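Here is the structure we will look at, set down as C-alpha cells.
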Amino acid sequence: MTSPIQDGLLHLRQAELEALPLEHLWSGTDDDDLSAAQDCGRLATLSGYTEWVSPQARTLTLGWDWQLLAGAERPRVMRRGLPRTNIQVLDESLRPLPWEHNLQWLAAFIDRIDWASPAFEAVCQKHVN
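Going left to right, the sequence shown walks through residues 9 to 137 as this note's numbering numbers them.
So, in C-alpha cells, the structure goes:
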C-alpha cells in the first residue's frame with residue numbers, strides 16, 4: 009500500500025482504496041433551524057454527517073454530509089456535496105489527482121458503496137437510546 013508523505017495526505021491508488029474495508033465510525037444529525045421548524049405544514053428535512061475509517065489504513069479518514077430525501081416516492085438517504093478527507097488518490101502513473109478531481113472521484117466512490125444503511129441506523133439508534 010502506498011503511504012503518507014510529508015504533505016499529511018494518505019496517498020492511495022484507486023484500486024488500493026477500492027480494496028480497503030471501510031468501517032462506519034460516527035454519524036450525526038445537523039442542528040435543526042428552529043425558525044423553519046415552526047412553519048406549520050412545511051416538509052421536515054433531516055440532514056447530517058458521517059465519518060468512515062479503515063482498520064487496514066489507520067490514518068485514513070473519509071467523511072461527508074447526507075440528507076434524507078423524504079419527498080421522494082420512497083424516502084432515501086443521499087450524499088450531499090463533496091467529501092472531507094485526508095486521502096489523495098493517485099492515477100495509474102502514481103501521480104496525485106488534482107484536488108478537485110480527487111474529491112469528485114471520492115464522491116463517486118462513496119456513491120458506489122453501501123454507506124446509507126449503517127450511517128442512518130447509527131443516527132436512529134442514537135435518538136432511540
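Where is the CB? At the ideal position from N, CA and C, for every residue including glycine.
If you're wondering where the values come from, they're calculated on a predicted model, not measured in any experiment.
Where does R87 sit, in a helix, a strand or coil, going by DSSP? strand
Find the nearest neighbour of P8 within the set D15, S35 and L18, judged by alpha-carbon distance. This structure cannot speak to residue 8, because the chain is shown only from 9 to 137.
Based on the DSSP secondary-structure assignment, which residues constitute the bridge partners of V65? The residue asked about is misnamed: residue 65 is Ala in this sequence, not Val. According to DSSP, which records beta bridges pairwise, A65 is partnered with S62.
Collapsed DSSP secondary structure at L18 in the structure displayed: strand
Below 8 Å, how does it come out for the stretch 80 to 89 and the stretch 60 to 68: are there three or more Cβ pairs, yes or no? no
Beta-carbon spacing of D122, Q22 below 9 Å: no
Span of the beta strand (DSSP E) holding I95? I95 to L98
Distance, Y57 Cα to Q96 Cα: 21 Å
Taking F117 as the reference, which of L18, A27 and R66 has the closest Cα? A27
Spatial neighbours of L33 within its chain, please: CB distance less than 7 Å, with the 5 preceding and 5 following residues excluded, ordered by chain position. E59, W60 and V61
What does the alpha-carbon distance come out to for the pair L111 and L54? 24 Å
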